[in-house]
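Chemist: Sharing a structure below in structure tokens format, with a few things to ask.
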Amino acid sequence: TVGTIGNSDHQNVKIGKAGRKRHLGVRPQTRGTAMNPVDHPHGGGEGSTTPGRHPVTPWGVPTLGYRTRKKGKGSDRYIVRGRRRGKKR
52 TVGTIGNSDH
62 QNVKIGKAGR
72 KRHLGVRPQT
82 RGTAMNPVDH
92 PHGGGEGSTT
102 PGRHPVTPWG
112 VPTLGYRTRK
122 KGKGSDRYIV
132 RGRRRGKKR
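What the sequence shown shows, in my numbering, is residues 52 to 140, in sequence order.
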């Protein structure tokens, strides 16, 4: 063995506030439903309405389980077995 793990409590650290996250270089995440229709496919509507469509990225590509890899890609021959998928959406 190499030795014991150092700083094992690192995964339990609470960031605490937005400023500490900003110092780490992470920018705020704005929900698509909070945007205008010109900015995101989920945007617009009166009040906090549902998107009215399947979840998509800001560019309209389906997300949450949608397969984006091209069919018949050259490196397909090297894939023996795919990773197990989660819940089918």
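Beta carbons: idealized from backbone N, C-alpha and C, even for Gly. A quick note: this is a predicted structure, and the numbers were derived from the prediction, not measured.
Judging by CA-CA distance, which residue of Arg78, Pro79 and Pro109 is the nearest neighbour of His93?
Modeler: Pro109
Chemist: Between which residues of its own chain and Ile56 is the CB-CB distance below 7 Å, once the five residues before and five after are set aside?
Modeler: Cβ neighbours of Ile56 beyond the five flanking positions: none.
Chemist: At the level of alpha carbons, what is the spacing between Pro113 and Lys138?
Modeler: Between Pro113 and Lys138, the C-alpha separation is close to 16 Å.
Chemist: Got a sec, what are the start and stop residues for the alpha helix (DSSP H) His74 sits in?
Modeler: Ala69 to His74
Chemist: Contact defined as beta carbons within less than 8 Å: I believe Thr84 pairs with Pro102. What is the distance between those atoms, to the nearest angstrom?
Modeler: 6 Å
Chemist: CB Pro88 to CB Gly98, shorter than 9 Å?
Modeler: no
Chemist: Any idea which residues DSSP pairs Val107 with across the strands?
Modeler: Pro113
Chemist: Count the other C-beta atoms from every protein chain shown that fall within 10 angstroms of the C-beta of His74, then say buried if there are 16 or more, exposed otherwise.
Modeler: The residue is exposed, with fewer than 16 neighbouring Cβ atoms inside 10 Å.
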